[in-house]
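Reviewing the structure listed below.
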Amino acid sequence: MPLESAKDLARKARDFATADYDLRAVIIKRITRPIIIFTMLFILSGLLIWIVERSLDNAKIVTLSDAYWWSLVTLSTVGFGDVVPISGYGRLIASAYIIVAVVFIAVVVTNIQDALRQYAILRDLGMTGNSMERHVIVCGWSRISKVCIPELLAAGRAVSVVCEDENQIKVVRQVGEEIGGNLFVTFGDMTKRGVLERVNIGHADSIIIATDEDTLNLIASLNIHSEHPELRVIVYVKQPELRKTFDASGVTYVASPFELGGRLVASAAFEPEVALLIDNVSSGIDGHDIQQFTVPEGGEIVGTNVASLRRDLLSKGGPLLIATGVPKKVGGWAVEPNPPGSTEIKAGMILIVLGHGDECSILSSELGLIQGR
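Numbering-wise (this note's numbering), the sequence shown opens with residue 517 and increments by one.
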């Protein structure tokens, strides 16, 4: 039985990507099915040879243990010759068993080889899933995801990416190799549950939907929010007029790069240094960065105020506190830039700071704050 070609195996992998299969179960089934059949053949042949030979004079196969010892020795092609059938029917059964055994051994070996090759291809395409936790999922390979994936990796976040085309997998991995970090890439239809389970959506912190098609982004965001209402969903929208539609769908944040880019261009026209500053701090890969931290329950700064925290950060060589965030009663968050010094620090509050990576780390290492939300 010839081995399947790599092209055929790759085609099957693409078929798996478009369906909600348990890939490990499919591959294991390919291996175990012939083994089970062969085991049944082993048991049946031993039983038949025992029935035929046991009552004969000078029989060498008298007990079931003799029969199965003969069956095992014959199967292994060792052929000790200590236990052999002596009747015509026994030898006929033995001949049939040997022929079938040889064929089945070839089938079993071929199936195992094909299954291992197929599993390697599926694993390379990300079809076997991952076990990441508290990670960020990025759906779609677009101009936006080309920027946000390196930023997330540079910030130390584990990232799972769902591409729409298998040819994009290698490109995404090259980006990950340049930055480093924990990156998993697969491909498939992001609106299907099986594909999202492959990137372990049940244990993710947030998901970024960033394809170039607003319709696909909307469908995906609706499906994800309905099944995972606790998950933070960030959606990229090309048409700003659809922003309200996405807001109504329950997503956490709607990003319209053209609006943001337009504001930055306008700012550069009459205050170019401000635009340069925004461009610099919007990236965490190099230089300064804007980061947010959550004040935990029982934190040492709970009950103090913004003024004392600013003084404490200054004395420690820490970052600049530029804003605070508190949850709204109706949902969402209210962010207050440059809060008054009298603002009380409470548990659950978000602190937004500006500084270099080493400066920002002081909030975690010395003040016990939790980065992100």
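For each residue, glycine too, the CB sits at the ideal point set by N, CA and C.
> For the 8 Å Cβ check, are there 3 or more pairs between the region 790–798 and the region 852–862?
Replying inline: Taking a contact to require three or more Cβ pairs closer than 8 Å, the region 790–798 and the region 852–862 do not qualify as touching.
> Is there contact between the region 714–732 and the region 664–684, where contact requires at least three CB pairs shorter than 8 Å?
Replying inline: yes
>> Quick test of the definition: if touching needs 3 or more C-beta pairs under 8 Å, does the region 874–886 touch the region 843–858?
In response: Put simply, the region 874–886 does not touch the region 843–858. Fewer than three CB pairs are less than 8 Å apart.
>> Quick check: is any heavy atom of the ligand MG less than 7 Å from the C-beta of Glu746?
In response: Ligands in the displayed structure: none, and consequently the ligand MG is not present.
> How about Ile838 and Pro856: are their beta carbons less than 8 Å apart?
Replying inline: Within the sequence shown, the letter at position 322 stands for residue 838. Within the sequence shown, the letter at position 340 stands for residue 856. No; because the gap between Cβ atoms is not below 8 Å, this pair is not in contact.
> If you compare alpha carbons, which of Val594, Ala617, Arg639, Ile567 is closest to Gly606?
Replying inline: Working through the sequence shown from its first residue, we reach residue 606 at position 90. Ranking the options by Cα distance to Gly606, first place goes to Ile567.
> Which whole runs of the alpha helix (DSSP H) in the region 747–831 are 4 residues long or more, in chain order?
Replying inline: Whole alpha helix (DSSP H) segments, 4+ residues: 759–764, 773–786, 788–797, 822–831.
> First and last residue of the beta strand (DSSP E) that includes Pro853?
Replying inline: Taking the first residue of the sequence shown as 1, we reach residue 853 at position 337. Segment 849–853, the beta strand (DSSP E) holding Pro853.
>> In the DSSP output, what is Ser722 paired with across the bridge?
In response: Along the sequence shown, read from residue 1 onward, the residue named residue 722 stands at position 206. Ser722 is bridged to Val652, Arg748.
> Who does Glu860 pair with in a DSSP beta bridge?
Replying inline: Taking the first residue of the sequence shown as position 1, residue 860 is located at position 344. According to DSSP, which records beta bridges pairwise, Glu860 is partnered with Asn821.
> So which of Gly718, Leu572, Gly888, Gln690 has the shortest CA-CA distance to Pro745?
Replying inline: Taking the sequence shown and counting its residues from 1, the one referred to as residue 745 is at position 229. Nearest option by C-alpha distance: Gly718.
> Out of Leu560, Glu569, Gly778, Tyr769, which has the shortest C-alpha to C-alpha gap to Trp895?
Replying inline: Shown here, the chain extends from 517 to 889; a query on residue 895 therefore has no answer.
> What residue from Tyr752, Thr707, Val749, Arg714 has the CA that sits closest to Ile735's CA?
Replying inline: As a first step, residue 735 must be located in the sequence shown, where it is residue number 219. Residue Thr707 is the option with its Cα nearest to Ile735.
>> Please classify Ala720 as buried or exposed, where buried requires at least 16 other C-beta atoms within 10 Å of its C-beta.
In response: To locate residue 720, count along the sequence shown from 1; it is residue 204. Residue environment for Ala720: buried (at least 16 other C-beta atoms within 10 angstroms of its C-beta).
>> For Gly871 and Ile544, I'd like the C-alpha separation in whole angstroms.
In response: For the purposes of this step, residue 871 is identified with residue 355 of the sequence shown, where counting begins at 1. For the purposes of this step, residue 544 is identified with residue 28 of the sequence shown, where counting begins at 1. Cα-Cα distance, rounded: 52 Å.
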